[in-house]
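Asks:
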Amino acid sequence: MFSACCAQNQPVTDRRHELGIDITNTLTFLKRNSQSYLLNYRYFFLQNKYALRAGLNLDISNGQSEGYYPDIKLGIQKNKFDNKWMTYYGMDASFSYFKSNSTPISTKRFGVSPLVGIGYFFSKRLSFSTEAAININKYFISSKNSFDPLNKTSYARVNIGYVGMFVVGYHF
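Letter 27 of the sequence shown, counting from 1, is numbered 33 in the working numbering, and no numbers are missing.
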């Protein structure tokens with residue numbers, strides 16, 4: 007009886023790596039969520055109590071109204087397992103760069119995001135997770151070749167992020 011009780015708190019998976027794809031954009035055909043990281047990676051350590059996190063969005067186009075939009079995040083999370091469920095909380099740091107092909111304006115964004123999430127393991131190799139975060143971002147906008155002495159501006163923004171993110175993960 008005692009071993010059955012304690013076994014529930016053990017991680018459902020003994021795999022260290024998780025490669026995940028956010029399927030939000032696939033499910034919402036009509037609207038693309040810019041915070042939806044297309045590729046996610048987690049490295050679990052210390053008996054899966056913690057995980058290092060990384061995410062990558064990459065949107066590059068040579069169209070007139072398009073541009074370069076790389077976006078990366080790095081973070082850490084603390085996990086708690088119960089049966090097939092995993093709850094977690096953590097923090098991400100992010101950086102993005104926006105450069106339009108049609109204007110000489112570029113924007114850099116630096117941010118931090120405290121987060122909470124929940125995951126469900128269908129098996130030792132396949133999981134599903136979702137999370138919510140509060141994004142605290144600082145934007146730096148610069149206009150190249152501008153004669154304006156105030157061609158560099160910055161502002162801060164706080165918003166609720168990641169809501170509606172659905173990641174299917176493969177553990178290996």
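Yeah, the Cβ is synthetic: ideal placement off N, Cα and C, and Gly gets one too.
#1: For the alpha helix (DSSP H) that contains N31, what are its first and last residues?
#2: From what residue to what residue does the beta strand (DSSP E) around T113 run?
#3: With distances taken Cα to Cα, identify the nearest neighbour of K114 among I166, K105 and N85.
#4: Name the one or two DSSP bridge partners that G26 has.
#5: Which one or two residues does DSSP pair with L52 in a beta bridge?
#6: Go to V164, then tell me how far its beta strand (DSSP E) extends in each direction, as first and last residue.
#7: Helix, strand or coil, according to DSSP, for Y94 in the structure here?
#8: Spell out the partners DSSP gives F146 in its beta bridges.
#9: Could you pull out every residue in the same chain whose Cβ sits closer than 6 Å to the Cβ of V169, ignoring the five residues on either side in sequence?
#10: The beta strand (DSSP E) with F87 in it runs from where to where?
#11: Starting from the Cα of G123, find the closest Cα among D20, A162, L44 and D98 and give me that residue.
#12: Could you pull out every residue in the same chain whose Cβ sits closer than 6 Å to the Cβ of S146, ignoring the five residues on either side in sequence?
#13: Is it buried or exposed for F153, if we count other Cβ within 10 angstroms and need 16 for buried?
Replies: Taking the definition as stated:
#1: T30 to L33
#2: I111 to F127
#3: K105
#4: N46 and G175
#5: Per DSSP, none; premise fails for L52.
#6: K158 to G167
#7: strand
#8: K114 and S160
#9: A138
#10: D77 to D88
#11: D98
#12: Correcting the residue identity first, residue 146 is Phe in this sequence and not Ser. So the list reads K114 and S160, once near-sequence residues are dropped.
#13: exposed
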